[in-house]
Each structure stands twice: as C-alpha cells, then as structure tokens.
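Colleague: The following block contains the structure, expressed as structure tokens.
There are 2 protein chains.
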Amino acid sequence: MGTQAHSVTELEKISNYIDAHKAEHIEKIKEIIRIPSVAAEDPEGVRQCAKYLEGKFKELGCSETEVYETKGQPVVYGHYDAGAENTLAVYFMYDVKQVSGEHWTLISDPFKPEVLPMAPFKSVIVGRGATNSKGPLAAFMNALFSIRGAGFQIPVNLKFVAEGEEELGSSHLIDFVRENTRRLRDATAVFSPGGSQNLNGDVTLALGCKGVSEFELVCSGKKWGRGPTERAIHSSMNAIVESPVWRLVQALASMTDPRDPSKVVIKGFYDNVAKPEEEDLKLIEELAKVYDEESVKKANGIQHFYNDLHGKELLMKAFYTTTLNIQGIYGGYTGPLVKTILPEKAAAKLESRLIPNQTMTETVEKVRKHLDEHGYSDIEVLEFEGENAVDDWSRTDPKAGIVQKTIDAYREVGLQPQVWPYSLGSAPRYMFTKPPLSIPFIGAGLGHGARAHAPDEYYVIEGNDKVRGLADSEKFYVRLLIHYSKGKLN
Amino acid sequence: MGTQAHSVTELEKISNYIDAHKAEHIEKIKEIIRIPSVAAEDPEGVRQCAKYLEGKFKELGCSETEVYETKGQPVVYGHYDAGAENTLAVYFMYDVKQVSGEHWTLISDPFKPEVLPMAPFKSVIVGRGATNSKGPLAAFMNALFSIRGAGFQIPVNLKFVAEGEEELGSSHLIDFVRENTRRLRDATAVFSPGGSQNLNGDVTLALGCKGVSEFELVCSGKKWGRGPTERAIHSSMNAIVESPVWRLVQALASMTDPRDPSKVVIKGFYDNVAKPEEEDLKLIEELAKVYDEESVKKANGIQHFYNDLHGKELLMKAFYTTTLNIQGIYGGYTGPLVKTILPEKAAAKLESRLIPNQTMTETVEKVRKHLDEHGYSDIEVLEFEGENAVDDWSRTDPKAGIVQKTIDAYREVGLQPQVWPYSLGSAPRYMFTKPPLSIPFIGAGLGHGARAHAPDEYYVIEGNDKVRGLADSEKFYVRLLIHYSKGKLN
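Shown next as structure tokens:
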C-alpha cells in the first residue's frame, strides 16, 4: 500500500511517475472519449461508460463499487478507503452532449479523439467530452493511479459519485444522494476536477452558483375565451376581435418598471434576497481589484453594463440581484416581410436566476399570483421537467477548510485565484451543499479546455507559459489531495 | 356589328348563345390557367399571359391594345369602342400566386386544370388562379364574346386595364394609371368581375376597402448601444446587462391601454378617422339586419366580439376604427423547452388598417414620433416595399350610379346584396377611386370560388340551388353591362 503521500519529496516522486507515463495517460483520456455516452441519445453508450468507470474504480482499489440504478441513467459509486483522516466526495459526470447537427472540422468523428497542435498551445486533445468533462475526469484518475503507481497511498478516503445525465439536468442525482446519505455522510466536502484556467492562465474559484427557474408564459385565445381561439385569423378582423399577443405584451409589461425593465415590480419579487454575508463582502472587495470589466465587455460584445455600474457596485449587482430574463418571445407570423393575420396565441420563455435565500419555486408562484391579481388568470405558466429548467442556488462558506486549502495549493504553483462568492450561472451543486449532506463543494484544477457542447471541443495536453498541460494538471490534483489530507474540510 | 344589347329579348338570345357554347367557354378558362403567370417566379409566364390577353382583346375587336411596360410586370391595355353612351373601365389581374410548397390533392399539376365533381356543387374547375382571378376573368370575356357572337354590340365602351403583379402588391399599376390618365379619363366607373357568392349563395357588395400600413419594429442592442450588441449571450449576464426584448415589450406596451390593448394611446392616432357619412349610416342600419354574427364567429373560431358588441354597434366598430395589430412578435430562443440566453434583439410586425381620412404614411409617422417622445429613438421602424405592405383606403360613394345599377341587377335575379360601406380588408382600389381618376370601383358577379393562394383552388362550373354556375355567371355579366349602358355611372 505504501505510506500516504503528504510531503514535497513524495510529490516529486509522483510527478516523475506522471512524466514517465504521459503517453499512457493520454491514451486513458482517449479511451473514455471513445465511449459514446451521449445522455440524450445513447443509453447503451451511457451504460457502457458506467461499466468502464466502475472498472476503473475497482482497478484503483475501491472496496465498494456499484452501478446504481435511478429512474434515469445510472450513478456510478465507488468507495476508496485509504485509512486516511479525511474523506472527500468526488463528483464526476461521465455523460456528454449529443453531436448531431454539429460540423466538426479538426477530426472526422467526435468519438475518435486525436491529439493535434492548436495555437497558442503545443497540443490539445479534440473530441466530444474532451473538456466537458472526460478530459479532467481521466486526468484526475491518472493522478490517483500515479500516486499508487509511485508506491504511495492516496492521502484521503474517496467517495466517487459519477452521474450519467448531467446533460439532461441531473434530474435523478438528487434521488441517489437522498437514498445514499449514509454512504456519503463521512465525506466532509465534495470535489469536482476541471480545467479551471482561462486563456490567460488565470484561475477562478466559485464558491457556489446561482439557481435558475425557467418557465413559459402562454397567452392563448383558447384559454382566454376571447380573440381567435382556434387558429390565426385574417387581421382585418382585429377591428372587432381582440388580440392575445397584445394581452401577453401588456401582461409582461406589468411585471417590470417601464423606465427600467431590469427592475421587476412583481409584489415581493426581491423579498427573499438575502443581504451579503460579511465574508462575501470581503471577497467582493478583493475581486473588484482584479475583475477585468473591459475583457468581460469585449468577450460578451457589450458596450455598457447595467446603469454603467463598475467596480464593487457592478459586482454587488451581479451577485445580489435576482433577474427576470426573457429568453425568447414568439407569436404569430415571424417570417420575411408581412402577413395579415391576427394570431391566436403568443408566448414568452422566462427565466429567473435565484440567489440566497430564494426557493426554487417562489418565482413561478409570484408570477402566477401577479398574473391572477392583474386579471390575467387565463395566461398559463408552463414549467419544464427534465432539462435544466430548475436548479437551486448553492453556497460554499468561504471559511470552509477546503476553500483555504484550495487557494493555498494554487498559490504554491504561483497562481492567485479570483474567488467568487458564487458563479453567475447555475449548476446542480445544491444536491451536495444543501441537506441532507450540507457539505462544501469545490471545483478546481489546472489546465484549460473549451468548446463544450460545440464542434472541435478540446482539452489542452501541452500548454504554454500561461496555461498548464496535462502532466501539470495531474500533478496539481495530487497537490490538492495532499492539502485536503490534513485538517477540517468543511 | 349588330345593335347594342339592351333588352330582355336580346339578353335571352345571348343566354341561348352562352348555353350553346358551355364546353368552349370552359376550355377558355383552362386555356388561361395553363399559362403559368406566377408573378413572383415566372416573368416569362407572366409575359406569355399578357400577350395571350392582348390577343383576346384584339379578337374581341378592340381598336387599340398595348402590352404596356412598367418597372415591374406589364399592364395590358385594350380599348373597345362600341360607340356607346357610357365608358366602363374593366380591371383584371392576370397573374397568380406561386404554388411552391403547396400540396395539391385533386389534380397533379396546378397549371393543368381539370373539371371535377365537388360537393355541394355538381362540378368545379380546379387549378391555380381558378377563382383568383382567371376563372371570373375568362367568364367575363366569354360574356363579351357571346354578346358579339349572338349578333349584338356590347352596350358600353370598354377600357381594359389588366395588371400582372397584383400578387406582388400592384406596385406599378399606379404608374400606369398616372401615365395613362388621358386614355382612361372617358371611363366613369371601373368594374372588376368576380364570383361574389358565398357558399349560401349570398352576395356582398363592398363600396371600397380599408387601407393597410404594415411595418416592423426592431429593438436591437446594436442600435440601442446597451444590452448584447452582437449576438445573444449567456443569460447569467442579465444581472448586469440590459435586455432589448424587455425594451421592446415596454415600448409596445406604451402604445396601447393596458386595460384594453385594442385602444391605441399613441398621440393623435385616431385624429384623422372621419365620422361616417349619412349614406354609410343608412347602409349600416340595413346591414345590421342581415349581418350574421354567429356565422362570422363560427367561421373565424371566435367566441366574443370586442367588448361583446353586436348589431349596429359592432358594425360601427368594424368600419370606423383604425387598428394597431401585432401580426407577429419574435426574439431570442423560440424552440422547445428552454435555452439560457439573453437575446440581442427582438422585433414585432405591426399593421394598421386605414380608413377615411387617414393617409398611407401617418401610422408609421405617429409610431415613430411616439417612440422618439418616449425615449425609444433607437427602436427602428422598418417599412416594406414591393409586397402589399401599404395600401390606401378606397371609397365608392353609395350614391354613384353604378352602385344602384349593380344592386338592381342582383335584385332582378332574386338576390339582395349585403352592401358594405367598405370591406374590412385591403386592396389597391384607391388607384382608381382617388385622383387622378376618382371614379367609383365595383366588383361584382355571380358564382363562387375558393382556396385562393391555397391548394386545390377552384371555381364553380355547375352550381346548386344557391350558388350559380358558369353559364349563369356569364349571363349575369351581360345583364350588368346592359344596366351600365344607361344613365350616369359615377
């Protein structure tokens, strides 16, 4: 078994082992990318990948493994008992997004990965899932095998939780967590490996994420009982027949301030928005010093932030506001030129980003109540199932041990991470950070990848002076685990 | 030449001639349908049809004919001098709508017409343009040839004006009228043949039509300078980036009354709406007695008219209101489920029906002014060219001679036409009813056809106890011409 890796000397030996097994480690990434675990389209491929991963857990030396059945795709569980002081849960996703409709140019088959040169990097691996998330997953497993290969013991006990339907909204992961609370309760934190560097090599560490509530408002003559009820009719009739499109426009308009539609005027909309914690304010002070507003503007193609805010004010707005975004609006004739119709219905896809202490259902409830109170009880509020239509917010306490340990590890390799109170986007982290587990969730790692859900998805193999390559990423995972081996993680 | 047809005996002789030439007359309809004069796609077919029609005018005995070039498709002009007291302009369209994308089931080629049985009629002719408007056109020409064939003279002088781009919005007909005012100024009225009976055999006589002004409002981050300016961005950014979709919603909402969006609150929107004339009020009184509200509701799939109006009030609202209809609205993601984007733009296709004494440009001008005054100067108002995007209203005085003569002719064959002050729809009649010509425009005829612009378009050949067939329609055209031969038409 060897002694537990926890010193610089040991890290050096493991690093040498990693350097000596580069080719083999690249092959491991290729191996898992070749399995077409497309959550939306290929349940057989997903199951094959689950079996493959369970095999890896066994090979590593897990004392317990299971391909756990859910109502959706299986969760692969593995328990590696290192006899260590700390137990870390490791979150993986082993499914990928479908490739149908995508036009890949660098390789002919997204499931036949290749290592190719790609400026500004020396080489990258190209394939579906390369960065999201099979590359980082395999790199992390390579790191674990390298600790063992170099003759040491992994410094923390591990509880692997690998889900096979992240791309379908992680709908059944919560079932696994609830049904396996006993198995997971030893874990005091959960870690998710990823290539966290951007093109400049900078690293972001988000202590959670916003939630999201997505739904559709539909105004139809059929439900209203007025206007065209069955189909669009000739628009000359608009002189004596009302319009469901105008009704939707006015209903929507009643929800925001006409002078500033970013302000929602739905009663109680902001009631549950908590004031920032003391620690968050400190993070924001620090973040304001390094947050590159001009780069963000450029990357997003925007000229002005809301109200021309900047610095700390901008970040406060970014983190401590819930939103009511219109993802899309449609109704009637939308083709070229004109068509003389009075449409029978119109709809808008809405979305609210949730922050502490909002609940997953409150936006829909408040919108429904607003519509009812404003005489729009016929307008339907459709909620979606399955896809990422509802996610809760997630929060990891900046004071949690794993946070400082992760920052320390980054600093040791010369990187000062930008620490965000949470990311502005949404992910199913709450399944770990909220009851029954209530443990901190950290995603970290060196390296870089891009084009997730897009053609020519890649993950860096050999980097440059800013972005680390595969070997450095693997070594950094070892370094992180050494940090996680001592003291409290939660 | 023969004497001018103007008596019942003569009409009987001509009727016998029509009955004796049924097969030949059907062949004439087929002949012109076979020419693929698709305005939008086949300029060669259009030109071929123009030549064909000029040939018919010559064959009839026109002293002057011309295929008159415009910037679009040619207008075919013909002058038939009968030495009569009255001169009538005859409006034809000889172009048809394209068939691409349509699925015809009764015949294999829309340009190879066939006569088929079709309940509740004994037979109909099926083909592109059968009812719109080659069937009625050919029937009217058959009537004229029959008058001559029976040995009589046509009882009025005729000035044919046949346009080849009605389906493209009659964009250049106005040029022809302006450049040929001298040629047309003898005409004291203009007549357009059509199968004016509905399925119950009832006849409507519309003394004009509403105008229409169609345009699109576009709100984009690019023009606004705020929000996403180049492309949709991740919706998590909505916390600090504004939304062009919400901006469009609020801009639209500012144009109508939230409690009743059928009421437009744009300054001066209704200013030029004239009070109904004394004669119109009389027509509406009469119309209210026969206007079948339940049938209109059923045909349009509606349960309630605006404000639950009925009778005279409903008709007053139908005729004496200008509208601001949303034909369509679109922006962002409109596919299944959800997509987390903040769109870069949104647009709405708007339409206003114009009535006396509105101008063709005032709606766009007032909307533009409203947007500017409400801080939305960045929102674009796009006007369309070519298609039927702008038409002026048209009005034929109920006291005009041709109106009473047409009603008299209908009554003689046992039909009491519903006389509408104007139709709620729009058509390019104003080119005749407004300066420089300023003559009354009447569309009339027996018979029935349907599915204009749709598959299996048809025109009735042999009718039933309510709807007249081809021979009766041709006889009725002769009757109308006899009525038009005496007294003032304007």
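So the protein lines, in turn, are chains A and B. Those letters in the first sequence? Residues 746 to 1235, by this note's numbering. Those letters in the second sequence? Residues 746 to 1235, by this note's numbering. Beta carbons: idealized from backbone N, C-alpha and C, even for Gly.
Lys-1233/A to Leu-1191/A, Cα distance in whole Å?
Modeller: As a working note, residue 1233/A is residue 488 in the first sequence. As a working note, residue 1191/A is residue 446 in the first sequence. If you take the alpha carbons of Lys-1233/A and Leu-1191/A, they lie about 23 Å apart.
Colleague: Taking Lys-735/A as the query, report the chain B residues whose CB atoms sit under 8 Å from its CB, ordered along the chain.
Modeller: Nothing about residue 735/A can be read from this structure; chain A reaches only from 746 to 1235.
Colleague: Taking 9 Å as the CB-CB limit, is Gly-1073/A close to chain B?
Modeller: Here residue 1073/A refers to the residue found at position 328 when the first sequence is read from its first residue. So, interface residue.
Colleague: Give the residues of chain B in contact with His-979/A, contact being defined as C-beta atoms less than 9 Å apart.
Modeller: Locating residue 979/A in the first sequence gives position 234, where the first residue counts as 1. Within 9 Å Cβ-Cβ: Asn-1045, Leu-1169, Gly-1170.
Colleague: Looking at the C-beta of Ala-888/B, does it have a partner C-beta in chain A at a distance below 9 Å?
Modeller: Residue 888/B sits at position 143 when you count from the first residue of the second sequence. No, no contact with chain A.
Colleague: Spatial neighbours of Leu-798/A within its chain, please: CB distance less than 6 Å, with the 5 preceding and 5 following residues excluded, ordered by chain position.
Modeller: Against the first sequence, residue 798/A aligns to sequence position 53. Result list for Leu-798/A: Val-821, Tyr-839, Ala-907, in chain order.
Colleague: By DSSP, does Pro-989/A sit in helix, in strand, or in coil?
Modeller: Reading the first sequence from its first residue, position 244 is the one you call residue 989/A. Looking at Pro-989/A - three-state DSSP - the assignment turns out to be helix.
Colleague: Against Tyr-1051/B, what residues of chain A qualify as contacts under a CB-to-CB distance less than 7 Å, listed in chain order?
Modeller: Within the second sequence, residue 1051/B is the residue found at index 306, counting from 1. Those within 7 Å of Tyr-1051/B in chain A are Ile-985, Val-986, Glu-987.
Colleague: Once the 5 residues before and after Lys-867/A are set aside, which same chain residues still bring their CB inside 8 Å of it?
Modeller: Counted from its first residue, the first sequence places residue 867/A at position 122. Answer for Lys-867/A: Ile-1206, Glu-1207, Gly-1208, Asn-1209, Gly-1214, listed in chain order.
Colleague: Looking at the structure shown, is Tyr-822/A part of a helix, part of a strand, or coil, going by DSSP?
Modeller: What you label residue 822/A is simply residue 77 of the first sequence in a count that begins at 1. Here Tyr-822/A sits in strand by DSSP.
Colleague: So that I know if they touch, is there some Cβ in chain B lying closer than 9 Å to that of Trp-991/A?
Modeller: Taking the first residue of the first sequence as 1, we reach residue 991/A at position 246. Chain B, which has a Cβ nearer than 9 Å to the Cβ of Trp-991/A, makes this yes.
Colleague: Report the three-state DSSP secondary structure of His-979/A (helix, strand or coil).
Modeller: One-based indexing of the first sequence puts residue 979/A at position 234. Note: His-979/A maps to strand in three-state DSSP.
Colleague: Using a beta-carbon distance below 9 Å, is Met-746/B in contact with chain A?
Modeller: Locating residue 746/B in the second sequence gives position 1, where the first residue counts as 1. The pLDDT assigned to Met-746/B is 43, lower than 50, so where the model puts this residue is not dependable, and the model offers no usable value.
Colleague: Hey, out of Asn-1017/A, Arg-1156/A, Pro-973/A, whose CA is closest to Thr-1104/A's CA?
Modeller: Sequence index remark: in the first sequence, residue 1104/A carries index 359 (1-based). Cα-wise, what sits closest to Thr-1104/A is Asn-1017/A.
Colleague: Within this structure, are the beta carbons of Ile-1071/B and Lys-1094/B separated by less than 9 Å?
Modeller: Within the second sequence, residue 1071/B is the residue found at index 326, counting from 1. Within the second sequence, residue 1094/B is the residue found at index 349, counting from 1. Yes, the pair counts as a contact, with Cβ atoms nearer than the cut-off.
Colleague: Would you call Glu-910/A buried or exposed, if buried means 16 or more other Cβ atoms sit within 10 Å of its Cβ?
Modeller: For this step, residue 910/A is matched to residue 165 along the first sequence. Glu-910/A is buried by the Cβ-count criterion.
Colleague: Whose C-alpha, out of Gln-818/A, Val-1223/A, His-1228/A, is nearest the C-alpha of Asn-761/A?
Modeller: The residue you call residue 761/A lines up with position 16 of the first sequence. The shortest Cα separation from Asn-761/A among Gln-818/A, Val-1223/A, His-1228/A belongs to Val-1223/A.
Colleague: Going by DSSP, which residues form a beta bridge with Met-838/A?
Modeller: Here the question's residue 838/A lines up with position 93 in the first sequence. Answer is Glu-908/A.
Colleague: Counting only beta-carbon atoms, is Thr-1068/B nearer than 9 Å to chain C?
Modeller: Judged by its chain identifiers, the structure shown contains no chain C, and its protein chains are A and B.
Colleague: Taking C-beta to C-beta, are Val-1129/B and Leu-1082/A nearer than 9 Å?
Modeller: Indexing the second sequence from 1 puts residue 1129/B at position 384. Indexing the first sequence from 1 puts residue 1082/A at position 337. Residue identity check: residue 1129/B is Phe in the sequence provided, not Val. Yes, these two residues count as a Cβ contact at 9 Å.
Colleague: What residues of chain A sit near Glu-786/B, judged by a beta carbon separation below 7 Å?
Modeller: Walking along the second sequence from the start, residue 786/B turns up at place 41. Near Glu-786/B there are no residues of chain A at all, since even the closest Cβ is about 15 Å away, more than 7 Å.
Colleague: Which residue comes first and which comes last in the alpha helix (DSSP H) that contains Val-1005/B?
Modeller: Position 260 of the second sequence, counting from 1, holds the residue named residue 1005/B. For clarity, residue 1005/B is Asp in the given sequence; the question names Val instead. It is not in any alpha helix (DSSP H) - Asp-1005/B instead sits in the beta strand (DSSP E) that spans 1005 to 1009.
Colleague: Name the chain B residues whose beta carbon is nearer than 7 Å to that of Gly-953/A?
Modeller: Residue 953/A sits at position 208 when you count from the first residue of the first sequence. Here the premise fails: no neighbours, minimum Cβ distance about 13 Å.
Colleague: Distance check for Met-982/B and Asp-1053/A, CA to CA, integer angstroms please.
Modeller: Walking along the first sequence from the start, residue 1053/A turns up at place 308. Walking along the second sequence from the start, residue 982/B turns up at place 237. Asp-1053/A and Met-982/B: Cα-Cα distance of roughly 14 Å.
Colleague: Can you tell which of Tyr-1167/B, Ala-829/B, Leu-1226/B has its C-alpha closest to the C-alpha of Glu-1024/B?
Modeller: Within the second sequence, numbered from 1, the residue matching residue 1024/B stands at position 279. For Glu-1024/B, the nearest C-alpha among the options comes from Tyr-1167/B.
Colleague: Give a yes or no on whether 9 Å exceeds the smallest Cβ distance from Thr-974/A to chain B.
Modeller: Here residue 974/A corresponds to residue number 229 of the first sequence, with the count starting at 1. Chain B contact via Cβ: present.
Colleague: Taking all protein chains shown into account, do 16 or more other C-beta atoms lie within 10 angstroms of the C-beta of Gln-1149/B, making it buried, or fewer, making it exposed?
Modeller: For the purposes of this step, residue 1149/B is taken as residue 404 along the second sequence, with counting starting at 1. Exposed, by the Cβ-count rule.
Colleague: Check each residue of the region 1006 to 1018 of chain A: if its Cβ is closer than 9 Å to any Cβ of chain B, include it; give the result in chain order.
Modeller: Of all residues in the region 1006 to 1018 of chain A, Pro-1006, Ser-1007 have a Cβ within less than 9 Å of some Cβ in chain B.
Colleague: Considering just the uninterrupted stretch of the beta strand (DSSP E) at Lys-955/A, what are its terminal residues?
Modeller: Start at 1 with the first residue of the first sequence, and residue 955/A comes out as number 210. Start and end: 953 to 965.
Colleague: Output yes if chain B places a C-beta closer than 9 Å to the C-beta of Gly-966/A; else output no.
Modeller: By one-based count along the first sequence, residue 966/A stands at place 221. It does; some Cβ of chain B falls within 9 Å.
Colleague: Against Pro-1003/B, what residues of chain A qualify as contacts under a CB-to-CB distance less than 8 Å, listed in chain order?
Modeller: On the second sequence, residue 1003/B is found 258 positions in, with the first residue counted as 1. The answer, in chain order, is Gln-995, Ala-998, Ser-999.
Colleague: I need the boundaries of the alpha helix (DSSP H) containing Glu-1107/B, first residue and last residue.
Modeller: In the second sequence, the residue the question calls residue 1107/B occupies position 362. Glu-1107/B -> alpha helix (DSSP H) spans 1107 to 1118.
Colleague: Within 9 Å (strictly less), CB to CB, does Leu-1059/B reach chain A?
Modeller: Start at 1 with the first residue of the second sequence, and residue 1059/B comes out as number 314. For Leu-1059/B, the answer is yes, since a Cβ of chain A falls inside 9 Å of its Cβ.
Colleague: Going by other Cβ atoms of all chains shown within 10 Å of its Cβ, with 16 needed for buried, is Thr-850/A buried or exposed?
Modeller: In the first sequence, residue 850/A corresponds to position 105, counting from 1. Counting Cβ neighbours within 10 Å, Thr-850/A comes out exposed, since fewer than 16 surround it.
Colleague: Any beta carbon of chain A sitting closer than 9 Å to that of Arg-927/B?
Modeller: Residue numbering aside, residue 927/B sits at position 182 when the second sequence is read from its first letter. Chain A contact via Cβ: absent.
Colleague: When the cut-off is 9 Å and only beta carbons count, does Met-982/A lie next to chain B?
Modeller: Translated into positions along the first sequence, residue 982/A becomes position 237. By this cut-off, Met-982/A is an interface position.
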